[in-house]
Amino acid sequence: MSISNMKFKILPAPRSMTEAEMHPHWALKNFGLQGDNIVAFRGAFEVPPEKWFDLDAIMHGQEVLPGEMLHFVIEHFDCNIREILMRQYILVSVVEEKLIHRMNSPDHCLVRLGEDLFDGENRISVTGCTITPVSAKLHLGLYLDSSLQAGVHGIKAYNVKALELAELVINQYRAEMRRLEEKSWRVRPII
Numbered sequence: 393m394s395i396s397n398m399k400f401k402i403l404p405a406p407r408s409m410t411e412a413e414m415h416p417h418w419a420l421k422n423f424g425l426q427g428d429n430i431v432a433f434r435g436a437f438e439v440p441p442e443k444w445f446d447l448d449a450i451m452h453g454q455e456v457l458p459g460e461m462l463h464f465v466i467e468h469f470d471c472n473i474r475e476i477l478m479r480q481y482i483l484v485s486v487v488e489e490k491l492i493h494r495m496n497s498p499d500h501c502l503v504r505l506g507e508d509l510f511d512g513e514n515r516i517s518v519t520g521c522t523i524t525p526v527s528a529k530l531h532l533g534l535y536l537d538s539s540l541q542a543g544v545h546g547i548k549a550y551n552v553k554a555l556e557l558a559e560l561v562i563n564q565y566r567a568e569m570r571r572l573e574e575k576s577w578r579v580r581p582i583i
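Take the numbering used here: the final residue in the sequence shown is number 583, and no numbers are missing along the way.
Shown next, in the form of structure tokens:
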């Protein structure tokens, strides 16, 4: 399936992010989204650390703080681990751009460090990706509420509604994937 036809769904009702969402064909089995897809929803992050994909985060005891997040779960069927890592950077950059456009205070200092977003020293996002036997999966969670004493800055501080942001991010990410695909069609080979 072509990425230019990437399917998507925004779930209006909250649900928890568990390890099940990272299984192959989760969106197909639950929502009928066949092929490359992206699903967004609000809810808690309930994946135990021993099930995380980032071995460095596990070894260093990184924590995901409790609270509601805006989750993006993406599945691509045409890429390897390096390609899903690059798409992870694209997704995080899209979110960064959308948040910067909505910032209305000089008190905020939004920064992307690799695949993570921060406001100053406070974390905004958690993210991870992996490979399944048939696809590559990507998760990005954005904290909704701030807990500055815990080092977390939520997106509500930017006066943005979670599901409205989800729609903007999904549309932009799908457009970026479509442009990558179209660009590959126009590249002249060197013979």
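Note that the Cβ used here is the ideal one computed from N, Cα and C, for glycine as well. Just so we're clear, the structure is a prediction, and the values are computed from it rather than from any experiment.
Item: CB contact flag (L530, R479, <8 Å); Value: yes
Item: Alpha-carbon spacing of D511 relative to R407, whole angstroms; Value: 26 Å
Item: Assigned exposure category for I430 - 16 Cβ within 10 Å defines buried; Value: buried
Item: V465 to L491 span [Cα, whole Å]; Value: 19 Å
Item: C-alpha distance - V503 paired with E488, whole-angstrom precision; Value: 8 Å
Item: Buried versus exposed, by CB contacts within 10 Å (16 or more), R571; Value: exposed
Item: Status (buried if at least 16 other CB within 10 Å, exposed otherwise) for H463; Value: buried
Item: Closest by C-alpha distance to H500, when choosing among D508, N514 and I482; Value: N514
Item: Neighbour-count burial assignment, A567, 16 or more Cβ in a 10 Å radius; Value: exposed
Item: Minimum length 4: unbroken alpha helix (DSSP H) runs contained in the segment 519–581; Value: 554–578
Item: Between the CA atoms of P416 and M587 - distance to the nearest angstrom; Value: Outside the shown range of the chain, which is 393 to 583, sits residue 587, and nothing can be said about it.
Item: Cut-off 6 Å between Cβ atoms - residues of its own chain near E574, not counting five sequence neighbours on either side; Value: none
Item: H463 - containing beta strand (DSSP E), residue span; Value: M461 to H468
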